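In this note's numbering, the protein residues as written are 556 to 948.
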RNA sequence: GCAGGGGUGGUCGAGUGGUUAAUGGCACCGGGCUGUAAACCCGGCGGGCUCACGCCCUACGUAGGUUCAAAUCCUACCCCCUGCA
């Protein structure tokens, strides 16, 4: 195929950190980018209008194959014209393959060569997810970026376990690739657009590197994944229980070794500090539930670190969550009010905290891109980490 | 006035002679959350001392009493609720 589903273009570089553009069939994404997680076709606690507003300006969000496959089901979404049409989200969508659920559903699943047998967490029914099924579901969803179906090993996996897992992931990657290509050819992608410029209008497929915390296995996994050939490459299986220093070490070793002409995506990470550390090591894309989940559960991310909105000490505090944050929540509401909303169980608490957290994450990435462009990233990173570590108060 | 029921820790409410500082729920306080089984989960919650094992004090309306031992039994008193006058 001469036409590509997405295009990656580097704009500037500062050390290993790089800023650039990903052109997808639906939007142009400036990187490094943070992608809010919208598992079930909604970024919990927020509206698309807010995500699209200049204040947040999220260019791409996630959806999850496993969850949408259980409910409402791939055929419902296909019948509704794909996930974009179904939800009304018009910008880019990346769908996770269900691979992560292979790990996170622990006791509810059984892995075999063929795929993974899940006990549905919704109704207990037995479901079987494989590379082929995952690709079929993701074609029905019509996301712009499809993830290969992988197996994520636990952070403390032994070398032997990690090797077994990586090899299974590699075989699943080949099957994902083959199945994906077949579905593209058959026109099963509900999100297809007509070719435009250099873009094919089809879905992009990303491969996932595994190998736990073992650098030799990571390198091998990368080599085998690149051999198969993907539109982008992801680092999976981090932040799953391993030491943070180990995570940074793996990224430092792996990211610069990943193909330069493709986006590099660190899956499921992370805290604001994690994002900067990973950008510094050459990563372009991130997703994480932290801003939305922690927002819903009473924790704000600020330029001075985490702030627990529930704490009694804010009961009469008139200051904004983050006094330096330009977001609409910080411009209008006090810690005292937000605490009151949270403590009384008002849904607005979750909505406002989610908004602020997303604003903080997305704005941080904007500033990261700016810093890289101006060759100032090293200083930006040092000062950011210092301030975040200084503590709220 | 008579008859019956009842007064338990911030609150509601278990417990009716012996590991009971007293089950639970709520409230309150604190912590956690990293490709979302999560608007969720965990912990603390009479006071004092100790790094800690632990020790001491004060508590089941009030005051007495019985008993080795009482929130639990007895007596008196105070208060609340229901019914009858």
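Every residue gets a Cβ at the ideal spot worked out from N, C-alpha and C, and that includes glycine. Bear in mind that the values here come from a model prediction, so they are computed numbers and not experimental data.
- Residue 651 has its alpha-carbon roughly 16 Å from the corresponding atom of residue 708.
- Where residue 854 is concerned, there is no enclosing alpha helix (DSSP H), although the beta strand (DSSP E) around it starts and stops at 854-857.
- Within the segment 685-771, the complete alpha helix (DSSP H) runs of at least 4 residues fall at 686-696, 714-740.
- Ranked by Cα distance from residue 927, the first of 608, 587, 577 is 587.
- Restricting attention to 848, 864, 920, 901, the CA atom closest to the CA of residue 839 is found in 920.
- The Cβ-Cβ distance between residue 822 and residue 791 falls below 7 Å.
- In summary, residue 912 is buried, with 16 or more beta-carbon neighbours lying within 10 Å of its beta-carbon over all protein chains present.
- Straight-line spacing of the CA atoms in residue 780 and residue 946 works out to 41 Å.
- The way I'd put it, the segment 752-760 doesn't touch the segment 612-622; fewer than three beta-carbon pairs between them come closer than 8 Å.
- The DSSP assignment places 620-625, 629-634, 638-642, 654-659 as complete runs of the alpha helix (DSSP H) inside the segment 604-660, in order along the chain (cut-off: 4 residues).
- Residue burial annotation: residue 683 is exposed, with fewer than 16 other C-beta atoms found within 10 angstroms of its C-beta.
- Residue pairing of residue 583 in beta bridges, as defined by DSSP: 578.
- According to DSSP, residue 928 shares a beta bridge with no other residue.
- In this structure, residue 789 sits near residue 761, with a CB-CB distance shorter than 7 Å.
- By the neighbour-count definition (other C-beta atoms within 10 Å, threshold 16), residue 842 is a buried residue.
- Distances from the CA of residue 768 to each of 748, 802, 737 were compared; the closest alpha carbon is that of 802.
- The secondary-structure analysis by DSSP pairs residue 591 across a beta bridge with 843.
- Close CB contacts of residue 655 within its chain, under the 6 Å cut and outside five residues either way in sequence, are with 707 (chain order).
- With fewer than 16 other Cβ atoms inside 10 Å of its own Cβ, residue 676 counts as exposed.
- At a cut-off of 3 residues, not a single continuous stretch assigned as beta strand (DSSP E) sits fully inside the segment 865-927.
- Contact annotation: the segment 891-909 touches the segment 844-856, with at least three C-beta pairs closer than 8 Å.
- Selection 699, 794, 889 evaluated against residue 871 yields 889 as nearest (Cα-Cα).
- Inclusion of residue 644 and residue 673 in the CB contact set at 7 Å is not warranted, their separation being larger than that value.
- Separation of the CB atoms of residue 680 and residue 670 is rounded to 16 Å, and the pair is thereby denied contact status at 8 Å.
- If you compare the alpha carbons of 818, 896, 917, 824 with that of residue 575, the shortest gap goes to 818.
- Beyond the five residues adjoining it in sequence on each side, residue 642 comes within less than 6 Å, by CB distance, of 596 in the same chain, given in chain order.
- In this chain, residue 562 is not harboured by any alpha helix (DSSP H); it is covered by the beta strand (DSSP E) spanning 562-569.
- One alpha carbon belongs to residue 944, the other to residue 631, and they sit about 46 Å apart.
- One alpha carbon belongs to residue 647, the other to residue 688, and they sit about 22 Å apart.
- Remark: C-beta atoms of residue 805 and residue 778 do not approach each other more closely than 7 Å.
- When the beta-carbon positions are compared, residue 835 and residue 936 come within less than 7 Å of each other.
- For residue 626, the closest C-alpha among the options 705, 678, 826 is that of 678.
- For residue 672, the enclosing beta strand (DSSP E) has its first and last residue at 671-674.
- Separation of residue 582 and residue 606 (C-alpha to C-alpha, rounded to the nearest whole angstrom) is 14 Å.
- When the beta-carbon positions are compared, residue 917 and residue 611 come within less than 7 Å of each other.
- Taken in chain order, the unbroken stretches of beta strand (DSSP E) that lie wholly in the segment 799-838 and span 3 residues or more are 819-821.
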